[in-house]
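The structure appears below as structure tokens.
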Amino acid sequence: MPLHEPQQPFTWHLREHMAAAGMFKTTDLVEPLREAGVHLSREQVYRLVTSPPARLNMEVLAALCQILHCTPNDLIHVNTARSGLHETRRTGTSNSGASVGELRPIPARLRRPPSE
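See the structure below:
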């Protein structure tokens, strides 16, 4: 019986954008990153390109977007169809049934103490 790998919460499209920019080897990205002020080894760039990163430095993401002329949304696609991700939880003592999006703020009444 094959084991099913849990679905990643996002899809990483760096390799596709590199190919569209004419970069077909992971080492093609090392020098442009260095010129953008991001110093990564060849091994780090290889891991960044070939597998979805667990964590990503914002400077690296900004440099990738600058080099590939894209946005973070182009590089990262969030997979929303995960089971158990959108469980409804209620907190507090209110049983009104209204969700957070339906609640409206109540204007505050400020009262100053009488001045003497």
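For the sequence shown, the numbering used here gives the first residue as 103, with consecutive numbering after it.
Glycine included, each C-beta is placed from N, C-alpha and C at the ideal position.
In this structure, 137 is the residue among 137, 179 and 180 with its C-alpha nearest to the C-alpha of residue 162.
Non-local beta-carbon contacts of residue 178 in its own chain, meaning distances under 7 Å to residues more than five positions away in sequence, involve 112 and 114 in chain order. Within the same chain, and ignoring the five residues on either side of residue 215 in sequence, no residue has its Cβ closer than 8 Å to its Cβ. Per DSSP, the unbroken alpha helix (DSSP H) holding residue 132 starts and ends at 132 to 137. With distances taken between CA atoms, residue 169 lies nearest to 120 out of 120, 202 and 213. According to DSSP, residue pairing for residue 113 in a beta bridge involves 179. Closest in alpha carbon position to residue 159, among 152, 174 and 145, is 174.
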